[in-house]
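S.K.: Residue numbers (the numbering used here), protein chains in the order written: chain A, 225 to 550; chain B, 225 to 550. Every residue, glycine too, gets a C-beta built ideally from N, C-alpha and C. One structure coming up, written as structure tokens, with questions to follow.
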């Protein structure tokens with residue numbers, strides 16, 4: 225009997241948790257969404273996760289083998305398998321392996337969502353075969369995953385790769401991390417909204433965005449206004465992209481990547497964002513790096529990327545032990 | 225007959241070139257200095273280097289085996305074995321292996337001086353056993369070598385690790401690289417001198433440093449003035465250390481090192497520099513990194529560090545192939 229090897233990929237978000245079964249080729253065979261409800265204790269969440277996952281498993285062909293569980297979650301620590309003081313979950317400290325041990329005897333690995341996305345890009349996306357690259361995820365915040373010499377950079381703490389929390393302006397905007405001027409309060413969906421607010425305050429240019437309260441002013445509406453030629457929205461994208469390009473030029477001075485991938489909601493704005501990023505990146509590179517870095521969109525379909533990335537944690541570990549690494 | 229295995233370590237500088245023979249334990253058995261004279265063609269330099277090295281070799285015990293040659297040089301490329309557009313040498317492009325092939329049949333490896341210093345720290349200094357660390361070399365400029373997962377970060381180009389050329393202020397001081405506001409024009413011997421000049425211009429505090437022309441105002445004199453309690457010199461060190469600490473906090477967000485080593489002339493100022501760096505580093509770290517990074521002086525004696533580091537290029541390659549890696 226021939227078995228289909230599968231990995232359970234789980235992406236724990238502030239509101240929803242995505243789970244799905246992924247095969248070695250990066251195909252998502254079945255997936256589902258459940259509410260995270262982090263106001264309930266972690267034990268309740270992981271029991272529900274197990275029940276949901278088992279239900280989903282019955283929809284697969286019977287001849288499969290579960291090889292492991294990969295989990296992407298905010299502030300998840302690769303070395304310890306913990307979630308520590310996650311910014312948008314009510315839990316303080318979760319030992320993922322201990323929580324899942326009553327239900328599963330397979331290997332379990334965890335990391336933050338941006339690192340999981342980078343692993344997904346490496347195994348199943350546009351970074352296949354690359355040894356040095358960076359993935360920037362642009363959602364509510366700015367996450368990053370750094371790969372060096374073909375390996376994920378976890379650092380001594382397991383928390384490496386927080387480019388969103390490098391400082392743009394020490395006296396700048398307040399960040400959720402308690403400091404000021406972090407890159408992610410400028411370059412993210414939230415950052416774009418704040419930038420547009422500042423631009424509206426500073427100029428008297430007419431703009432349909434003036435009619436919106438801040439809570440209504442989504443990055444999607446700003447994108448639509450920019451497509452309609454609204455100068456404030458266009459300047460917002462220009463400012464955001466320029467700043468990201470400058471900071472990516474600094475990032476290149478650290479690890480000299482072959483490519484930088486932009487991923488997530490804001491990256492879907494396409495050339496509105498990519499054009500100023502590409503220009504500022506190239507203009508601000510140190511001479512020895514000029515012309516060496518590709519700026520690319522993600523090669524993983526956004527809908528399944530979180531699940532694929534989480535599963536890649538396990539697929540990558542399994543591939544390491546094999547000479548015929550895919 | 226028992227042979228002593230040795231590696232020739234060479235550090236090519238703008239004015240002088242240091243060369244020496246180093247054994248597996250990191251002992252420098254014999255060393256020497258020769259003028260670089262980069263106004264002459266590379267072929268002349270490498271012939272002189274070979275002659276000098278052979279002369280020096282006759283001073284060793286006869287029963288030795290030369291296992292390789294490691295070379296540290298500005299803008300030296302690890303992958304290609306080239307020196308490309310070095311900032312303080314007249315040569316434009318040098319193929320080191322081709323130049324040395326008439327004289328030697330042993331493995332030859334090259335990298336820039338800061339990377340060589342980091343490898344020396346890993347094999348023979350205070351970073352022994354560490355898998356993730358950063359070395360900052362503070363001389364005329366600011367060099368850096370980054371180690372991740374126990375391996376030197378060369379990146380896709382072979383030129384990774386130029387933290388000195390990340391941007392502090394896009395409208396700031398002119399840098400030798402052609403851009404503005406690079407970290408190294410603030411944090412380096414040169415940077416300290418420029419900072420003191422600015423401080424003298426801005427205040428009317430009496431200071432013995434006012435009596436000196438800029439060419440006379442060395443970092444050594446500033447250090448001595450600071451030790452004598454001169455407020456301008458003290459403020460110069462404070463500013464320099466604070467800025468370095470802030471930028472190192474950003475560096476931690478990339479690779480989350482266990483330790484950061486400060487090396488070189490300016491680091492010899494001890495607590496005058498370390499104290500503000502340590503304070504600013506810790507104050508500016510993202511919460512998940514606080515208390516996780518050691519700030520340390522180099523554990524390699526400065527006089528021989530360049531030669532030891534260059535030799536470590538070869539010793540490290542040899543150690544990789546062996547299970548009993550030192």
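Among A:482, A:508 and A:346, which has the Cα closest to the Cα of residue 393 (chain B)?
M.R.: Along the second chain, read from residue 1 onward, the residue named residue 393 (chain B) stands at position 169. Per the C-alpha coordinates, the member of A:482, A:508 and A:346 positioned closest to residue 393 (chain B) is A:508.
S.K.: On the criterion of 16 or more Cβ atoms from any shown chain inside 10 Å, does residue 268 (chain B) qualify as buried, or is it exposed?
M.R.: Numbered from its first residue, the second chain carries residue 268 (chain B) at position 44. With fewer than 16 Cβ atoms within 10 Å of its Cβ, residue 268 (chain B) is classed as exposed.
S.K.: Under 9 Å, CB to CB, which of the residues in the segment 397–414 of chain A have a partner in chain B?
M.R.: Answer set for the segment 397–414 of chain A: 401, 402, 403 and 406.
S.K.: The beta strand (DSSP E) that contains residue 317 (chain A), what's its start and end?
M.R.: Residue 317 (chain A) sits at position 93 when you count from the first residue of the first chain. Note, residue 317 (chain A): beta strand (DSSP E), 317–319.
S.K.: Report the partner residues of residue 228 (chain A) according to the DSSP bridge assignment.
M.R.: For the purposes of this step, residue 228 (chain A) is taken as residue 4 along the first chain, with counting starting at 1. Beta-bridge pairing links residue 228 (chain A) to A:288.
S.K.: Output the distance between the C-alpha atoms of residue 541 (chain A) and residue 250 (chain A), rounded to the nearest integer angstrom.
M.R.: Along the first chain, one-based indexing puts residue 541 (chain A) at 317. Along the first chain, one-based indexing puts residue 250 (chain A) at 26. The alpha-carbon atoms of residue 541 (chain A) and residue 250 (chain A) are separated by roughly 14 Å.
S.K.: Please list the partners that residue 474 (chain A) has in chain B, where partner means a Cβ-to-Cβ separation under 7 Å.
M.R.: Walking along the first chain from the start, residue 474 (chain A) turns up at place 250. Within chain B, the residues near residue 474 (chain A) are 390 and 391.
S.K.: Could you spell out where the beta strand (DSSP E) holding residue 367 (chain B) opens and where it closes?
M.R.: Taking the first residue of the second chain as position 1, residue 367 (chain B) is located at position 143. Judged by DSSP secondary structure, residue 367 (chain B) falls within the beta strand (DSSP E) whose first and last residues are 366–372.
S.K.: Classify residue 404 (chain A) as helix, strand or coil using the three-state DSSP reduction.
M.R.: As a working mapping, residue 404 (chain A) is identified with position 180 in the first chain. Looking at residue 404 (chain A) - three-state DSSP - the assignment turns out to be strand.
S.K.: Which same chain residues, not among the five before or five after residue 506 (chain B), have their C-beta less than 7 Å away from its C-beta?
M.R.: Here the question's residue 506 (chain B) lines up with position 282 in the second chain. Within the same chain, residue 506 (chain B) has close Cβ partners 514.
S.K.: Can you give the beta carbon distance from residue 483 (chain A) to residue 233 (chain A), rounded, assuming they're within the 8 Å contact cut?
M.R.: Within the first chain, residue 483 (chain A) is the residue found at index 259, counting from 1. Within the first chain, residue 233 (chain A) is the residue found at index 9, counting from 1. Incorrect: roughly 23 Å between the Cβ atoms, too far for contact.
S.K.: What does residue 455 (chain A) pair with, by DSSP beta-bridge criteria?
M.R.: By 1-based counting over the first chain, the position of residue 455 (chain A) is 231. Answer is none; residue 455 (chain A) lacks a bridge partner.
S.K.: Is residue 544 (chain A) close to chain B? Criterion is C-beta to C-beta, closer than 8 Å.
M.R.: Sequence index remark: in the first chain, residue 544 (chain A) carries index 320 (1-based). No, residue 544 (chain A) lies away from the interface with chain B (no Cβ there is under 8 Å from its Cβ).
S.K.: Which whole-angstrom value is the C-beta distance of residue 254 (chain B) and residue 291 (chain B), which I expect to be below 8 Å?
M.R.: By 1-based counting over the second chain, the position of residue 254 (chain B) is 30. By 1-based counting over the second chain, the position of residue 291 (chain B) is 67. Not really, about 16 Å apart at Cβ, beyond 8 Å.
S.K.: Quick check on the DSSP output: the alpha helix (DSSP H) that includes residue 414 (chain B) runs from which residue to which?
M.R.: In the second chain, the residue the question calls residue 414 (chain B) occupies position 190. Bounds of the alpha helix (DSSP H) holding residue 414 (chain B) are 413–426.
S.K.: Taking 8 Å as the CB-CB cut-off, is residue 549 (chain A) touching chain B?
M.R.: Translated into the one-based positions of the first chain, residue 549 (chain A) becomes position 325. The pLDDT assigned to residue 549 (chain A) is 38, lower than 50, so where the model puts this residue is not dependable, and the model offers no usable value.
S.K.: Does any residue of chain B have a CB that is nearer than 8 Å to the CB of residue 477 (chain A)?
M.R.: Locating residue 477 (chain A) in the first chain gives position 253, where the first residue counts as 1. It does: the Cβ of residue 477 (chain A) has a partner Cβ on chain B nearer than 8 Å.
S.K.: So is residue 551 (chain B) buried or exposed if we call it buried at 16+ other beta carbons inside 10 Å?
M.R.: The question about residue 551 (chain B) has no answer, for chain B in this structure spans 225 to 550.
S.K.: Residues of the segment 520–540 of chain B with a CB closer than 7 Å to any CB of chain A: list them in chain order, please.
M.R.: none
S.K.: To the nearest angstrom, how far is the alpha carbon of residue 531 (chain B) from that of residue 539 (chain B)?
M.R.: Position 307 of the second chain, counted from the first residue, corresponds to residue 531 (chain B). Position 315 of the second chain, counted from the first residue, corresponds to residue 539 (chain B). Roughly 12 Å between the two C-alpha positions.
S.K.: Taking Cβ-Cβ distances shorter than 9 Å, what residues in chain B pair up with residue 303 (chain A)?
M.R.: The residue given as residue 303 (chain A) occupies position 79 in the first chain. Going along chain B, no residue has its Cβ under 9 Å from residue 303 (chain A), so there is no contact; the nearest lies around 11 Å.
S.K.: Terminal residues of the continuous alpha helix (DSSP H) containing residue 269 (chain B)?
M.R.: As a working note, residue 269 (chain B) is residue 45 in the second chain. Residues 266–281.
S.K.: Is residue 447 (chain A) helix, strand or coil when you go by DSSP?
M.R.: The residue labelled residue 447 (chain A) in the question sits at position 223 within the first chain. In this structure, DSSP gives residue 447 (chain A) a helical state, which the three-state scheme calls helix.
S.K.: Alpha carbon to alpha carbon, how far is residue 398 (chain B) from residue 367 (chain A)? Give it in angstroms, no decimals.
M.R.: Taking the first residue of the first chain as position 1, residue 367 (chain A) is located at position 143. Taking the first residue of the second chain as position 1, residue 398 (chain B) is located at position 174. Distance between the alpha carbons of residue 367 (chain A) and residue 398 (chain B) is about 32 Å.
S.K.: Going along chain B, which residues have a C-beta under 8 Å from residue 428 (chain A)?
M.R.: Residue numbering aside, residue 428 (chain A) sits at position 204 when the first chain is read from its first letter. Those do not exist, as residue 428 (chain A) stays about 27 Å from chain B at its closest Cβ, beyond 8 Å.
S.K.: Could you confirm whether any beta carbon from chain B is found closer than 8 Å to the beta carbon of residue 373 (chain A)?
M.R.: In the first chain, residue 373 (chain A) corresponds to position 149, counting from 1. The beta-carbon of residue 373 (chain A) is placed less than 8 Å from the nearest beta-carbon of chain B.
S.K.: So what's residue 258 (chain B) in DSSP terms, helix, strand or just coil?
M.R.: The residue you call residue 258 (chain B) lines up with position 34 of the second chain. Looking at residue 258 (chain B) - three-state DSSP - the assignment turns out to be strand.
S.K.: Mind listing which residues of the segment 493–513 of chain B have their C-beta closer than 8 Å to chain A's C-betas, in chain order?
M.R.: Listed in sequence order: 508, 510, 511, 512 and 513.
S.K.: Identify which residue in B:486, B:237 and B:323 has its Cα closest to the Cα of residue 305 (chain B).
M.R.: Stepping through the second chain from its first residue, residue 305 (chain B) is reached at position 81. When only C-alpha atoms are compared, the closest one is B:323.
S.K.: Check residue 516 (chain A) in the structure and name its three-state DSSP category.
M.R.: In the first chain, counting from the first residue as 1, residue 516 (chain A) sits at position 292. Coil at residue 516 (chain A), not helix or strand.
S.K.: What residue from A:314, A:298 and A:420 has the CA that sits closest to residue 365 (chain A)'s CA?
M.R.: In the first chain, counting from the first residue as 1, residue 365 (chain A) sits at position 141. Looking at the Cα atoms, A:298 is the closest of the given residues.
S.K.: Counting only C-beta atoms, is residue 482 (chain A) closer than 8 Å to chain B at any point?
M.R.: Here residue 482 (chain A) is taken as the residue at index 258 of the first chain, counted from 1. Residue 482 (chain A) counts as touching chain B.
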